[in-house]
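Read the structure below first, then the notes.
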Amino acid sequence: METMKSARKDDTGDVGRDLSEQLKAVTQQIHIQAENTQLMLSYQRGQITLPQYKALLCSLYMIYKALEEELDRNSSHPAVAPIYFPQELARLEALEKDLEHFLGLDWRKKVVVPAATLRYEQRLRKIGEESPELLLPHAYTRYLGDLSGGQVLGKITQKSLGLSTPDGLSFFSFPGVSSPNRFKQLYRSRMNSVELTEEERAALLEEAVTAFEFNIQVFDDLQKMLSVSTETADQSEGNVVKTGLFPSTPIMQFTVGLCVALTTIGMGIYAF
Ligand code: HEM
């Protein structure tokens with residue numbers, strides 16, 4: 001019986017799989033690892049604390065600032081243009097709002113991130129500069145994650161922190177996306193429309209795994225940073241992201257886009 005064989009063929013005549021399917025397949029294992037980091041496990045158990053959430057917001061801020069600035073700068077690149085959805089997806093303003101809510105008006109002075117976050121940020125800057133097509137797997141990893149598990153995490157955060165209003169939770173809300181599932185479908189089809197050489201495709205799939213690794217390292221570093229901080233933190237303040245909590249600790253200060261390295265501590269906690 002003649003059935004409609006729907007296996008699509010790419011230009012070389014080989015049976016090809018969609019990039020979206022390949023990305024999902026290649027990151028399946030490491031997604032499980034990411035879900036099982038201490039920080040994400042605490043999350044899923046509803047045990048996220050305010051210091052943890054504030055620290056996570058600081059790191060997400062640095063990551064999205066780099067990701068979105070690089071996407072903006074490369075928005076007409078052929079591998080970026082189809083997946084460039086600033087109206088629907090951009091998180092930077094939401095993160096700024098949430099940070100202001102939790103850290104106050106002078107939140108910029110209080111942003112502290114671990115070394116892994118800086119490495120992630122540097123990677124994003126480098127690929128934005130040298131190989132913008134690799135921004136695609138980074139955007140995929142963060143945005144499709146935010147539109148998937150991230151939705152549940154938003155509700156859990158609200159409950160865990162006992163917040164009665166949505167203030168401080170803008171990160172999880174996508175007012176420009178009415179149906180996350182439909183949007184994910186659109187995003188996948190846009191990713192699939194990007195023309196790539198076999199080499200580019202392989203590099204891109206590898207970078208998706210790297211993007212997950214960066215996230216895992218950030219979560220692990222945050223966990224370490226918080227366990228050190230809680231030992232030294234002023235309990236009444238309960239705020240681990242204040243530079244003042246490390247009075248004798250060498251830190252890196254970041255002022256108006258300028259990174260002035262003062263000194264670093266062994267574990268690598270940075271204030272901006
Ligand atoms: C508590 C932790 C997490 C939970 C419970 C979770 C859960 C989920 C769920 C339920 C989906 C939807 C699967 C589907 O529609 O087939 C998903 C997809 C996804 N998640 Fe997560 N996730 C978590 C952490 C993460 C992290 C840390 C990242 C990366 C930074 C991530 C990235 C993704 C991506 C990229 C997708 C889309 C996969 C695809 O359809 O291609 N997730 N996640």
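For the sequence shown, counting from 1, position 124 maps to 124 in UniProt numbering; every step adds exactly one. Even for Gly, the Cβ is constructed at its ideal location relative to N, Cα and C.
- Task: State the Cα-Cα distance for the pair L204 and S131, rounded to the nearest angstrom.
- Result: 10 Å
- Using DSSP with H/G/I as helix, E/B as strand and the rest coil, what is V112? strand
- So is S59 buried or exposed if we call it buried at 16+ other beta carbons inside 10 Å? buried
- Query: Around the Cβ of L19, are there at least 16 other Cβ atoms within 10 angstroms (buried) or fewer (exposed)?
  - Reply: buried
- Task: Would you mind working out which of D220, R125, G149 sits nearest M62, comparing C-alpha positions?
- Result: R125
- Message: Could you compute how far the alpha carbon of E206 sits from the alpha carbon of A139?
- Response: 14 Å
- Query: According to DSSP, is A81 helix, strand or coil?
  - Reply: helix
- Query: Is the Cβ-Cβ distance between L89 and L135 less than 8 Å?
  - Reply: no
- Query: What are the boundary residues of the alpha helix (DSSP H) that includes E93?
  - Reply: 92 to 103
- Task: Tell me the start and end of each unbroken alpha helix (DSSP H) in the segment 137 to 212 that is at least 4 residues and wholly inside, in chain order.
- Result: 149 to 160, 180 to 192
- Message: Distance check for V194 and N215, CA to CA, integer angstroms please.
- Response: 25 Å
- Item | G128 burial status per 10 Å Cβ neighbour count (16 or more: buried) | buried
- Item | Rounded separation between E121 and L92 - CA only | 14 Å
- Would you say S75 and Y84 are within 8 Å of each other, going by their C-beta atoms? yes
- Message: At a cut-off of 7 Å, would you count N215 as near the ligand HEM, judging by its Cβ distance to the nearest heavy atom?
- Response: yes
- Query: Does the ligand HEM have even one heavy atom less than 7 Å from the beta-carbon of residue 281?
  - Reply: In the structure displayed, the chain extends from 1 to 272; residue 281 sits before or after that span and is not available.
- Say yes only if the C-beta of H77 is nearer than 7 Å to one or more non-hydrogen atoms of the ligand HEM, and no if none qualify. no
- Leaving aside the five residues before and after L147 along the sequence, list all residues of the same chain whose C-beta is less than 6 Å from its C-beta, in chain order. P180, K184
- Task: For my contact list, Y43 and I156 are in at a C-beta cut-off of 8 Å; report their separation, rounded to the angstrom.
- Result: 6 Å
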